[in-house]
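Working notes, beginning with the structure itself.
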Amino acid sequence: MGVIAIDGPAAAGKSSVARRVAAEIGWTHLSSGMLYRAVTWWLLKHGAGADPGQMELHLNLGPGGLELTVDGVRPGPELSSPEVVAAVAETATSPAVRDLVGRHLREAGRKFNLVCDGRDIGTTVFPDAVLKVFLTADPRERARRRLIQADTLGGGASPVERDQALRAQAAELEARDRRDSLRAISPLTRAEDAVEIDNSGLNLDESVAAVLEKIEDRFLGA
Ligand code: CDP
20 MGVIAIDGPA AAGKSSVARR VAAEIGWTHL SSGMLYRAVT WWLLKHGAGA DPGQMELHLN
80 LGPGGLELTV DGVRPGPELS SPEVVAAVAE TATSPAVRDL VGRHLREAGR KFNLVCDGRD
140 IGTTVFPDAV LKVFLTADPR ERARRRLIQA DTLGGGASPV ERDQALRAQA AELEARDRRD
200 SLRAISPLTR AEDAVEIDNS GLNLDESVAA VLEKIEDRFL GA
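With the working numbering applied, the sequence shown corresponds to residues 20 to 241, in that order.
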């Protein structure tokens, strides 16, 4: 089985690009951030002192790709709740949590050809990935995309309100990036052998095309 790793900072478009790339090449998409969010969600429910080893976490292949269940339940939009977002980077510093998530990712990697996105996929989880992409975009553009995704950059807002929302979102992303980059274990960092794609000026289709081009280069040796 093979892995294509797509790492990069928050809201660079990793999951959307990885999902589309996987569909194009007939591989399976896996968002590692979704697992960190799921563990965070579980810890918020059970208390910070709870042992994540107690949670029943499963990844099963469904019609829409790999589906995550936690204690038999498929978490939905709550994985993007402000509470989860505020706590996830802290949860992700825990060696026990990283070990747990890493084991699930590697197990999936033994079963499927994966396009896997995250922070440390090409550096730590799958250092032998057949292709490593480091996907970036400038911070204000990433904040803009995240607000559009959350549907909060509404048409009713004034230019001042929109600018304030953008600044607040950029600050949240920056705080999380800083935490992810500075942590001791598996920090967000570009693997030496990763190809960097800055997709600030690219839309989703163009970003997907840029990654597909790298895949062609890699496999056809162009
Ligand atoms: O979508 P976005 O880029 O904002 O976040 P995500 O990919 O869902 O990841 C959420 C958080 O999980 C990150 O900010 C990291 O703290 C953590 N994470 C990690 O530590 N290692 C990974 N491989 C993936 C995510």
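We put the beta carbon where it would ideally sit given N, CA and C, even for glycine.
- The three-state secondary structure of I204, taken from DSSP, is coil.
- Per DSSP, F131 is not a residue of any alpha helix (DSSP H), being assigned neither H nor E.
- Bounds of the beta strand (DSSP E) holding V89 are 84-89.
- If only complete runs of 3 or more residues are kept, the stretch 130-190 shows the beta strand (DSSP E) at 133-137, 150-155, in order along the chain.
- Annotated three-state conformation of D196 is helix, per DSSP.
- For D236, the shortest separation between its Cβ and any heavy atom of the ligand CDP does not lie below 6 Å.
- Remark: the C-beta of A210 is outside contact range of the ligand CDP, defined as less than 6 Å to any heavy atom.
- At least one heavy atom of the ligand CDP lies closer than 6 Å to the C-beta of G52.
- Look at T110 here: in three-state DSSP terms it is helix.
- Of the other Cβ atoms in all chains shown, fewer than 16 fall within 10 Å of the Cβ of G68; this residue is therefore exposed.
- The residues V22, in chain order, have a CB closer than 8 Å to that of D147 in the same chain once the five nearest residues on each side in sequence are set aside.
- Between T59 and A106, the C-beta spacing is below 7 Å.
- Here V36 is near V227, since their CB atoms are less than 7 Å apart.
- Taken through DSSP and simplified to helix, strand or coil, A69 comes out as coil.
- Per DSSP, L54 has no beta bridge partner at all.
- Taking the C-beta atoms as reference points, H48 is found no nearer than 7 Å to R56.
- Exposure of M20 is indicated by the presence of fewer than 16 other C-beta atoms within 10 angstroms of its C-beta.
- In the same chain as A213, and ignoring 5 residues on each side of it, the C-beta atoms closer than 6 Å to its own belong to G141, K151, F153, in chain order.
- V104 is the residue among V104, P82, E235 whose C-alpha sits nearest the C-alpha of R165.
- Excluding residues up to 5 positions away in sequence, A229 lie with their Cβ nearer than 7 Å to the Cβ of L221 in the same chain.
- Judged by DSSP secondary structure, A24 falls within the beta strand (DSSP E) whose first and last residues are 22-26.
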